[in-house]
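Residue numbers for the sequence shown follow numbering that gives the first Met the number 0, so the first one is 0 and each next one is one higher. A short write-up of the structure that comes next.
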Amino acid sequence: MAEQRFALGDKAHADGVRLLSFDELDSTNEEARRRVLEEGEHGPLWIVAGRQSRGRGRLGREWLSVPGNLHASLILSDGVAPERAPQLGFVAGVAIVEALRALCPGETGFALKWPNDILLDRAKLGGVLLEGLALSAGDERQPASGVVVVGIGVNCSAAPEGLAYPAAALTTLGARAPSAQTLFRTLSDRFCEALKLWAAGSGFAEIRRRWLEAAAGLGETVHVLLAQGEEIEGRFETIDASGRLVIAVGAARRAIDAGDVALAHRAAFAPTGQDSRL
């Protein structure tokens with residue numbers, strides 16, 4: 000393990016959050032998984048790496064890792080109810096955008112795209128990957144306790160090239176661009192604030208409001224590729240109380256649990272191979 004180059008914010012320290020920092024890992028989410036399942040590690044614990052050799056994204060996609068970008072995973076082990084765990088993706092999105100806006104005052108290009116993308120001027124800046132781990136309580140009469148790993152990636156120093164859709168990096172902001180270390184410190188505090196606001200799901204209404212305030216494409220026509228391969232087009236109306244995407248298709252409204260969204264003026268969908276996303 001390398002000497003730490005990343006540091007937690009004061010609020011994160013006060014809340015008992017811990018940090019492990021590495022020069023390189025295969026994947027911060029994989030390291031989090033190993034520490035939970037093999038070593039009994041518990042959260043809240045951040046794992047950060049300067050580089051990933053086998054980063055992973057949604058649907059098993061390869062996540063392209065560039066040195067100088069932010070690669071981080073947060074272990075949360077407060078027994079999050081399985082039905083509420085997906086809400087943590089919105090909690091993370093709100094925390095990331097609020098951290099970026101705090102560090103880049105006046106910058107209006109930061110936005111969120113359902114379900115897990117972070118945008119800068121409508122190009123992909125980063126993303127979130129949630130993974131749930133079930134731990135046995137050691138007694139078959141007791142339910143397994145839930146652990147969630149929240150993986151976060153942000154293009155700070157460079158954006159991957161050769162993708163089927165636009166990607167962005169914070170360096171396009173010039174001298175205002177925060178480093179991965181600066182972003183992480185602020186993010187660790189903002190994440191604590193967002194978790195308290197969420198309150199294990201009872202505060203999702205406020206998280207939802209803040210997420211929608213930062214949502215890209217709200218009120219616009221979007222294309223959605225569903226998991227089973229169906230592609231639909233409709234007007235993005237909202238996300239509902241469960242975090243589902245709600246679009247208007249003709250006179251009907253449709254709530255979508257899972258899928259990939261493309262804004263109308265962008266290339267349709269990322270390939271299932273290499274991807275800059277988490």
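No residue lacks a Cβ here, since even glycine has one placed at the ideal position from N, Cα and C. Only a predicted model underlies this, so the values are computations on that prediction, with no experimental measurement involved.
| Check | Outcome |
| --- | --- |
| Mind the definition here: the segment 16-23 touches the segment 141-160 only if three or more C-beta pairs lie below 8 Å; say whether that holds. | no |
| Which same chain residues, not among the five before or five after A31, have their C-beta less than 6 Å away from its C-beta? | I46, S72, I74, V148 |
| Any idea if E97 is buried or exposed, counting beta-carbon neighbours within 10 angstroms, 16 or more meaning buried? | buried |
| Could you check how far apart the C-beta atoms of I206 and F89 are, in whole angstroms? I think they sit under 8 Å. | 5 Å |
| Go ahead and label E219 buried or exposed: buried means 16 or more other beta carbons lie within 10 angstroms of its beta carbon, across all protein chains shown. | exposed |
| Please state whether DSSP places W197 in a helix, a strand or coil. | helix |
| From N68, D188, A166, S201, pick the residue whose C-alpha is nearest to that of L44; which is it? | D188 |
| Could you check the C-alpha separation between R186 and G8 for me, to the nearest Å? | Reading off the sequence, residue 186 comes out as Leu, not Arg. Each residue's alpha carbon lies about 8 Å from the other. |
| Beta carbon of F203, beta carbon of L217: below 8 Å? | no |
| I need the boundaries of the alpha helix (DSSP H) containing L69, first residue and last residue. | Taken as a continuous stretch (DSSP letters only), L69 belongs to no alpha helix (DSSP H), being part of the beta strand (DSSP E) at 69-75. |
| Pop quiz: A94 and F190 are said to be a contact at Cβ under 8 Å. What is the actual Cβ separation, rounded to whole angstroms? | 4 Å |
| Let me know the beta strand (DSSP E) ranges lying completely inside the segment 191-269, each 3 residues or longer, listed in chain order. | 220-225, 230-238, 244-248, 251-255, 258-262 |
| Below 7 Å CB to CB, which residues in the same chain sit around G242 once its five sequence neighbours on both sides are set aside? | P85, Q86, F89 |
| Pick from P114, L172, E212: whose alpha carbon is nearest that of L262? | P114 |
| Using C-beta distances below 6 Å, list every residue in its chain close to S76, excluding the 5 sequence neighbours before and after it, in chain order. | H41, G42, V146 |
| For the beta strand (DSSP E) containing R50, name the first residue and the last one. | 44-51 |
| Determine the direct distance from the alpha carbon of A176 to that of P104, and round the result to whole angstroms. | 11 Å |
| DSSP three-state label for S187, please. | helix |
| What residue range does the beta strand (DSSP E) around R34 cover? | It is not in any beta strand (DSSP E) - R34 instead sits in the alpha helix (DSSP H) that spans 27-38. |
| Between which two residues does the alpha helix (DSSP H) holding E23 run? | Unbroken run through E23 is the beta strand (DSSP E), 17-24; no alpha helix (DSSP H). |
| Among S26, P81, E29, A91, which residue has its Cα nearest to the Cα of F183? | A91 |
| Out of T181, G131, S201, D14, point me to the one whose CA is closest to F5's CA. | T181 |
| Counting only beta-carbon separations shorter than 8 Å, does R207 have a partner in chain B? | No chain B is part of this structure, which consists of one protein chain only. |
| Suppose the cutoff is 6 Å on Cβ atoms and the five residues either side in sequence are ignored; what does the same chain contact list for G233 look like? | I246, A247, V248 |
| Which of the three DSSP states, helix, strand or coil, is assigned to F89? | helix |
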